[in-house]
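Novice: Residues 29 to 199 in this note's numbering are what the sequence shown lists, from first letter to last.
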Amino acid sequence: GSYVAKLAPPPLVLLPKGYRANREYPLLVALHGMGMTAGEFARILEPLRSLPVVILVPEGVYPFEIRHGREMRIGRAWYLYTGDDDDFVDSMGRSGRHLKTLIKRTLAEYPIDNERVAMLGFSQGGYFAGYFGIRNAAYLAGLVVIGARVKDEVLARELPRAFGLPVLLMH
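#1: Out of Glu186, Met62, Pro44, His60, state which residue places its alpha-carbon closest to the alpha-carbon of Ala166.
#2: Assuming Lys179 contacts Tyr159 (C-beta within less than 8 angstroms), just tell me the rounded distance between them.
#3: So, does the segment 103-112 touch the segment 42-56, judging by three or more C-beta pairs under 8 angstroms?
#4: So Ile94 packs on Ala58, CB below 8 angstroms; how close in whole Å?
#5: Quick check on Glu181: does DSSP put it in helix, strand or coil?
#6: Given a cut-off of 8 angstroms, decide if Pro39 and Ala66 are closer than it, judged by their beta-carbon atoms.
#7: What residues match up with Tyr53 in a beta bridge as DSSP calls it?
#8: Mapping DSSP to helix, strand and coil, what is Arg163?
#9: Once the 5 residues before and after Ala146 are set aside, which same chain residues still bring their CB inside 8 angstroms of it?
#10: Check this for me: beta carbons of Val85 and Phe69, under 8 angstroms apart or not?
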């Protein structure tokens, strides 16, 4: 596996209440904010389990140190940003390749309708979801970006190919 795959813990898969393996479900890929973990985001998403949808909650690949006074914990991040767009895009590319692997694995392991895969991202996860979603628009049925923006300046070539992708931006 890749260096990135070794950094990231396995994703969580939230099955809908009343899940039945003999029917197909849509897939929602849900990306947490910076410093969160998949477990924290899964708790927030718990009410969505009442919907007939499988939810993939991966964890950001980059460890992120969070300090509160004398206490320290490790959260996760989707990309590294130092002000240099090339490094920034490279780190999102690594996360994107890892995320594609997780999505493919989930599609193979669960009864999912490949035509109904959507992505939701919150905060830094929203920023990354916008990047990943625009670059992979042909594979998504929809994109939701919450509390973030789509960094269109690094997506100039991909934006025309994403035409027609339903996108909801929430602030």
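Glycine included, every Cβ here is placed at the ideal spot set by N, Cα and C.
Specialist: Concretely, from the data shown:
#1: Position 138 of the sequence shown, counted from the first residue, corresponds to residue 166. Closest by alpha carbon: Glu186.
#2: Position 151 of the sequence shown, counted from the start, is the residue given in the question as residue 179. Position 131 of the sequence shown, counted from the start, is the residue given in the question as residue 159. About 6 angstroms separates the two Cβ atoms, so the contact holds.
#3: no
#4: Start at 1 with the first residue of the sequence shown, and residue 94 comes out as number 66. Start at 1 with the first residue of the sequence shown, and residue 58 comes out as number 30. Cβ atoms of Ile94 and Ala58 stay farther apart than 8 angstroms, at about 20 angstroms.
#5: For the purposes of this step, residue 181 is taken as residue 153 along the sequence shown, with counting starting at 1. The answer is helix: DSSP assigns Glu181 an H, G or I state.
#6: To locate residue 66, count along the sequence shown from 1; it is residue 38. To locate residue 39, count along the sequence shown from 1; it is residue 11. Yes, the pair counts as a contact, with Cβ atoms nearer than the cut-off.
#7: Working through the sequence shown from its first residue, we reach residue 53 at position 25. Note: Tyr53 sits in a beta bridge opposite Ile140.
#8: Residue numbering aside, residue 163 sits at position 135 when the sequence shown is read from its first letter. Helix, per DSSP.
#9: Here the question's residue 146 lines up with position 118 in the sequence shown. Sequence-distant partners of Ala146 (beyond 5 residues in either direction) whose C-beta falls short of 8 angstroms from its own C-beta, in its chain, are Pro54, Leu55, Leu56, Val57, Leu168, Ala169, Gly170, Leu171, Val172.
#10: Taking the sequence shown and counting its residues from 1, one reaches residue 85 at position 57. Taking the sequence shown and counting its residues from 1, one reaches residue 69 at position 41. In this structure, Val85 places its C-beta atom within 8 angstroms of the C-beta atom of Phe69.
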